[in-house]
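Visitor: Here it is, the structure in full.
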Amino acid sequence: MRIVAGRLGGRRIEAPAGHRTRPTADRVREALFSILGPVDGARVLDLYAGSGALGIEALSRGAAEAVFVDRDRRAVAAIRANLATLEIEAPVLCADAADYLEGRRAPGAPGPFDLVFADPPYSSAAALTGPLSALLPAVLSEDARIVTESDNRAPLELDFPVVTARRYGDTRIAVHRAS
2 MRIVAGRLGG RRIEAPAGHR TRPTADRVRE ALFSILGPVD GARVLDLYAG
52 SGALGIEALS RGAAEAVFVD RDRRAVAAIR ANLATLEIEA PVLCADAADY
102 LEGRRAPGAP GPFDLVFADP PYSSAAALTG PLSALLPAVL SEDARIVTES
152 DNRAPLELDF PVVTARRYGD TRIAVHRAS
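For the sequence shown, the numbering used here begins at 2 and goes up steadily by one.
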């Protein structure tokens, strides 16, 4: 995998070992960021981060900060290795996304976030609609965008207005607005 554009464009990143993660393809990331447009200065939350590709791509394109959350230890190790290779400092948390969102209300916690990526395992995406829809508002800035990636046959549909949704093979990308 590679970073598509920005100051780190062309640099390679690694996916976690094993088959439990499904990194967002370069072409899908490129299309997604074309849809999103500029992300300069954005505070980014990358949930179910896997390799960290989405959050790293946002940082490469000018996002101010990113927080990476994944509950898989191999994914967390891969994200930390990718950030170290690219000489980026960012928080990487080994936690369940819902647990992180519930605990994020603590004083001094990062946020609010302007851009949230939610790319859960395809097999559990549909079951996360309620919990994510309930927990995300507490961490979002007023004009935040939420990007979901899921299986086109069982999409992750949040209770936020959809700005656009696109299909790339079996993958569905949807961009939501917080308000």
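Ideal Cβ positions, reconstructed from N, Cα and C, are used throughout, including at glycine.
So, for residue 69: in the same chain, excluding its five sequence neighbours on each side, which residues have a beta-carbon less than 6 angstroms away from its beta-carbon?
Guide: 47, 50, 53, 56, 80, 93
Visitor: Where do the N-terminal and C-terminal ends of the alpha helix (DSSP H) with residue 93 fall, by residue?
Guide: Premise fails: residue 93 lies in the beta strand (DSSP E), 93-95, not in any alpha helix (DSSP H).
Visitor: Could you tell me which residues DSSP pairs with residue 150 in its beta bridges?
Guide: For residue 150, which the question treats as bridged, DSSP gives the partners 174.
Visitor: Does residue 169 come out as helix, strand or coil in the three-state DSSP assignment?
Guide: strand
Visitor: Residue 173 and residue 160 - do their beta-carbons sit closer together than 9 angstroms?
Guide: no
Visitor: Can you name the start and end residues of the alpha helix (DSSP H) that residue 34 belongs to?
Guide: For residue 34, the enclosing alpha helix (DSSP H) has its first and last residue at 27-37.
Visitor: Using beta-carbon positions only, say whether residue 75 and residue 166 come within less than 9 angstroms of one another.
Guide: no
Visitor: If you run the structure through DSSP and keep just helix, strand and coil, what is residue 140?
Guide: helix
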